[in-house]
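Each remark here refers to the structure printed beneath this line.
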Amino acid sequence: MPLNDRQIKNAKPAETGKKTKLFDGGGLYLEVTPAGGKVFRLKYRIDGKEKIFTIGKYPTISLVEARQAAENARCLLVSPPYFYIQPFVYK
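Counting in UniProt numbering, the sequence shown runs from 1 upward without gaps.
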(Lines of atoms letter the chains of each structure in order from A and count residues from 1; the text may use other names and numbers.)
(Lines give C-alpha, C1' and ligand atoms only; values in the text may rest on other atoms or scores of the structure.)
Protein backbone atom coordinates (compact mmCIF):
# COMPACT_ATOMS: atom_id res chain seq x y z
CA MET A 1 0.00 0.00 0.00
CA PRO A 2 1.46 3.39 -0.97
CA LEU A 3 2.47 5.86 1.72
CA ASN A 4 0.49 8.99 2.45
CA ASP A 5 1.43 12.24 4.18
CA ARG A 6 -0.29 11.29 7.44
CA GLN A 7 1.71 8.05 7.74
CA ILE A 8 4.94 9.93 7.10
CA LYS A 9 4.19 12.67 9.64
CA ASN A 10 3.24 10.09 12.28
CA ALA A 11 6.18 7.76 11.60
CA LYS A 12 8.21 7.11 14.74
CA PRO A 13 11.55 5.34 15.18
CA ALA A 14 11.50 1.72 16.31
CA GLU A 15 11.81 1.13 20.05
CA THR A 16 14.63 -1.32 19.34
CA GLY A 17 16.92 1.55 18.35
CA LYS A 18 17.10 0.37 14.74
CA LYS A 19 16.09 2.12 11.54
CA THR A 20 12.51 1.66 10.36
CA LYS A 21 11.60 1.43 6.67
CA LEU A 22 8.17 2.36 5.32
CA PHE A 23 7.81 1.26 1.70
CA ASP A 24 5.87 3.22 -0.92
CA GLY A 25 6.38 0.90 -3.90
CA GLY A 26 8.74 0.63 -6.84
CA GLY A 27 11.76 0.61 -4.52
CA LEU A 28 10.95 3.97 -2.89
CA TYR A 29 10.87 3.98 0.89
CA LEU A 30 11.06 6.30 3.88
CA GLU A 31 13.74 5.46 6.41
CA VAL A 32 13.13 6.64 9.98
CA THR A 33 16.36 6.83 11.99
CA PRO A 34 16.60 6.11 15.73
CA ALA A 35 17.01 9.88 16.29
CA GLY A 36 13.72 10.51 14.46
CA GLY A 37 15.11 11.77 11.15
CA LYS A 38 13.21 10.84 8.00
CA VAL A 39 14.94 10.20 4.67
CA PHE A 40 13.55 9.10 1.31
CA ARG A 41 15.63 6.39 -0.39
CA LEU A 42 15.34 4.37 -3.58
CA LYS A 43 16.41 0.73 -3.68
CA TYR A 44 17.36 -0.67 -7.09
CA ARG A 45 19.53 -3.35 -8.70
CA ILE A 46 22.23 -3.17 -11.36
CA ASP A 47 23.71 -6.45 -12.60
CA GLY A 48 22.17 -8.28 -9.63
CA LYS A 49 23.72 -5.96 -7.05
CA GLU A 50 21.46 -3.99 -4.76
CA LYS A 51 22.11 -0.26 -4.62
CA ILE A 52 20.51 2.47 -2.54
CA PHE A 53 20.09 6.07 -3.67
CA THR A 54 19.28 8.78 -1.12
CA ILE A 55 16.72 11.19 -2.51
CA GLY A 56 16.49 13.62 0.39
CA LYS A 57 15.21 14.41 3.86
CA TYR A 58 11.57 14.81 4.77
CA PRO A 59 10.02 17.46 5.01
CA THR A 60 12.54 19.25 2.76
CA ILE A 61 11.52 16.77 0.05
CA SER A 62 7.78 16.07 -0.05
CA LEU A 63 6.29 12.67 -0.85
CA VAL A 64 5.25 13.91 -4.30
CA GLU A 65 8.77 15.21 -5.01
CA ALA A 66 10.32 11.96 -3.77
CA ARG A 67 8.07 9.92 -6.06
CA GLN A 68 9.00 12.11 -9.03
CA ALA A 69 12.72 11.88 -8.21
CA ALA A 70 12.43 8.09 -7.90
CA GLU A 71 10.67 7.89 -11.27
CA ASN A 72 13.36 10.05 -12.89
CA ALA A 73 16.08 7.86 -11.40
CA ARG A 74 14.37 4.65 -12.59
CA CYS A 75 14.19 6.09 -16.12
CA LEU A 76 17.98 6.39 -16.13
CA LEU A 77 18.34 2.74 -15.09
CA VAL A 78 16.12 0.95 -17.63
CA SER A 79 18.83 -0.38 -19.94
CA PRO A 80 22.62 -0.52 -20.31
CA PRO A 81 24.71 1.48 -20.37
CA TYR A 82 23.42 2.51 -16.96
CA PHE A 83 23.76 6.10 -16.01
CA TYR A 84 25.17 6.56 -12.56
CA ILE A 85 22.86 8.57 -10.38
CA GLN A 86 24.55 11.64 -8.97
CA PRO A 87 23.39 12.09 -5.34
CA PHE A 88 23.96 15.84 -5.36
CA VAL A 89 21.33 16.35 -8.07
CA TYR A 90 18.39 15.89 -5.66
CA LYS A 91 19.85 17.22 -2.41
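No residue lacks a Cβ here, since even glycine has one placed at the ideal position from N, Cα and C. A quick note: this is a predicted structure, and the numbers were derived from the prediction, not measured.
Grab the span of the alpha helix (DSSP H) containing residue i for me, first residue to last.
| i | result |
| --- | --- |
| I64 | The displayed chain sequence assigns Val, not Ile, to residue 64. It spans L63 to L76 - the alpha helix (DSSP H) in which V64 sits, taken as one unbroken run. |
| N4 | Per DSSP, N4 belongs to no alpha helix (DSSP H) and is neither H nor E. |
Let's see if you can read the secondary structure: which residues bound the beta strand (DSSP E) around residue i?
| i | result |
| --- | --- |
| K38 | K38 to I46 |
| K51 | K49 to K57 |
| K21 | T20 to G25 |
| E15 | Run containing E15: none; DSSP gives neither H nor E here. |
Count the other CB atoms within 10 Å of the CB of residue i; is the residue buried (16 or more) or exposed (fewer)?
| i | result |
| --- | --- |
| K57 | exposed |
| I46 | exposed |
| R6 | exposed |
| I55 | buried |
| G48 | exposed |
Quick check: what's the CA-CA separation for residue i versus residue j?
| i | j | result |
| --- | --- | --- |
| M1 | D24 | 7 angstroms |
| V78 | Y29 | 19 angstroms |
| F53 | K9 | 22 angstroms |
| V39 | A11 | 11 angstroms |
Next on the checklist: When you compare the segment 8-16 with the segment 26-35, are there three or more beta-carbon pairs, one atom per stretch, that lie closer than 8 angstroms?
Outcome noted: Counting Cβ pairs under 8 angstroms, three or more are found: they touch.
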